[in-house]
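Student: Please read through the structure below; I'll follow up with questions.
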Amino acid sequence: TAGITQAPTSQILAAGRSMTQRCTQDMRHNAMYWYRQDLGLGLRLIHYSNTAGTTGKGEVPDGYSVSRANTDDFPLTLASAVPSQTSVYFCASSPGGPSGANVLTFGAGSRLTVL
Amino acid sequence: GQNIDQPTEMTATEGAIVQINCTYQTSGFNGLFWYQQHAGEAPTFLSYNVLDGLEEKGRFSSFLSRSKGYSYLLLKELQMKDSASYLCAVRDSDYKLSFGAGTTVTVRA
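Respectively, the protein sequence lines represent chains A and B. In terms of the numbering used here, the numbers along the first sequence are unbroken and rise by one, the last being 275. In terms of the numbering used here, the numbers along the second sequence are unbroken and rise by one, the last being 95.
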């Protein structure tokens, strides 16, 4: 089934440790996104990529980094985790470009707890 | 940036109609979206408005007024499976999508 795969699905991480969340899509979408979702705050954009080789900062980029070496993969790295990064993380993709609805397709999400 | 407001919670009875309002302020507008999110699941696309007016899709309709910065999602003939969070999202001139905090709809029997 075509879509977006996120891994891991959940993780508990000690503060100060690093981790990378993986995101892979098989829809050949140009644009990819990372959001975090916190109770009462909704989905907030961390980083995005409009096409392979380019990335941009979203609303809450501090403490996170991304790369987009190819069309399919968009990993999110936390270099030194802090408890405020405890959240549910969603990767998403869309066809990209200026025309049409460009609907986002979301991965299943990843729950991260930083202790 | 975007400022998107929607009610936190709504409750309605099975078979009834519920209207979820969304107001927004944006530095650049390029479309308004509604997503549905069941507890513990990913958001899924419901509707898209870029021009003023009503878009109807089965039991769900979405309305947009760009001059008022206002949209609503109308859910008709409510079913128990409609209990979920409904997310209003605005796309800016850079094609990034910003979300409101979501409205949790509870459908009672």
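Idealized CB from N, CA, C, for every residue including glycine.
1) Hey, does Pro(-7)(B) have any beta-carbon neighbour from chain A nearer than 8 Å?
2) What residues of chain A sit near Tyr34(B), judged by a beta carbon separation below 8 Å?
3) Just by C-beta distance, which residues in the region 201 to 217 of chain A are closer than 9 Å to chain B?
4) Relative to the C-alpha of Thr180(A), which candidate in Tyr224(A), Thr211(A), Gly256(A) and Val248(A) has its C-alpha closest?
5) For Gly17(B), which of Phe49(B), Thr30(B) and Glu(-5)(B) has the nearest alpha-carbon?
6) What does Ala268(A) reach in chain B if we use C-beta pairs closer than 9 Å?
7) Within 8 Å (strictly less), CB to CB, does Phe234(A) reach chain B?
8) Relative to the C-alpha of Asn262(A), which candidate in Arg77(B), Gln(-12)(B) and Met(-4)(B) has its C-alpha closest?
9) Please list the partners that Phe85(B) has in chain A, where partner means a Cβ-to-Cβ separation under 7 Å.
10) Applying the 10 Å Cβ sphere with the 16-neighbour rule, what's the burial state of Ile206(A)?
11) If we cut at 8 Å on Cβ distances, does Gly88(B) have a partner in chain A?
12) Throw me the rounded Cβ distance for the Gln(-12)(B) and Ser84(B) pair, which I believe falls under 8 Å.
13) Return the chain-ordered list of same chain residues with a C-beta closer than 6 Å to the C-beta of Asn7(B), the five sequence neighbours on each side being excluded.
14) Shorter than 8 Å from the beta carbon of Lys82(B) to some beta carbon of chain E?
Tutor: On the basis of the coordinates in this document:
1) Within the second sequence, the letter at position 7 stands for residue -7(B). Taking Cβ atoms only, chain A never reaches closer than 8 Å to Pro(-7)(B), which makes this a no.
2) Your numbering for residue 34(B) matches position 48 in the second sequence. Chain A residues near Tyr34(B): Ala261 and Val263.
3) Leu201, Gly202, Leu203, Arg204, Leu205, Tyr208, Asn210 and Gly216
4) Here residue 180(A) refers to the residue found at position 20 of the first sequence. That would be Tyr224(A), whose Cα lies nearest to the Cα of Thr180(A).
5) Residue mapping note: residue 17(B) aligns to position 31 of the second sequence, counting from 1. Cα-wise, what sits closest to Gly17(B) is Phe49(B).
6) By 1-based counting over the first sequence, the position of residue 268(A) is 108. Residues of chain B passing the Cβ test: Glu27 and Ala28.
7) Taking the first sequence and counting its residues from 1, the one referred to as residue 234(A) is at position 74. No - not a single Cβ of chain B is within 8 Å of the one on Phe234(A).
8) If you number the first sequence from 1, residue 262(A) lands on position 102. That would be Arg77(B), whose Cα lies nearest to the Cα of Asn262(A).
9) What you label residue 85(B) is simply residue 99 of the second sequence in a count that begins at 1. By Cβ distance, chain A contributes Gly202 and Leu203.
10) Residue mapping note: residue 206(A) aligns to position 46 of the first sequence, counting from 1. Answer is buried; the Cβ neighbour count reaches 16.
11) Here the question's residue 88(B) lines up with position 102 in the second sequence. At least one chain A Cβ lies under 8 Å of Gly88(B).
12) The residue labelled residue -12(B) in the question sits at position 2 within the second sequence. The residue labelled residue 84(B) in the question sits at position 98 within the second sequence. The Cβ separation is near 4 Å, so the contact holds.
13) Walking along the second sequence from the start, residue 7(B) turns up at place 21. Correct list, in chain order: Tyr58.
14) No chain E appears in this structure, whose protein chains are A and B.
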